[in-house]
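Contents: one structure, followed by commentary.
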Amino acid sequence: MLDPTSIDDIKHAIHELSVRAELARKENRQDDADEMDRRIQRLREKLSQRSPT
């Protein structure tokens, strides 16, 4: 089954989460930043599986 999420959507989500994680760090919300970092990592793994080599 194909994943309906486009590569551009994944890249956009990574960017948005990165910005939010940085803001969370600046606001001393490390738990939130850590959760966003985990989400970013999962998205990067998904992207690496989908990207052509």
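38 is the number that UniProt numbering gives to position 38 of the sequence shown; each next residue is one higher, with no gaps. Just so you know, even glycine gets a beta-carbon here, dropped at the ideal spot from N, CA and C.
Residue i (DSSP reduced to helix, strand or coil)
{"i": "Glu16", "result": "helix"}
{"i": "Arg38", "result": "helix"}
{"i": "Glu27", "result": "coil"}
{"i": "Ser6", "result": "coil"}
Sequence-distant residues of its chain with Cβ nearer than 8 Å to residue i (five each side left out)
{"i": "Arg44", "result": "Ile14"}
{"i": "Ile40", "result": "Ile14, Leu17, Ser18, Ala21"}
Cβ neighbours of residue i in the same chain (closer than 7 Å, five flanking residues each side left out)
{"i": "Asp37", "result": "Ala21"}
{"i": "Asp32", "result": "Ala24"}
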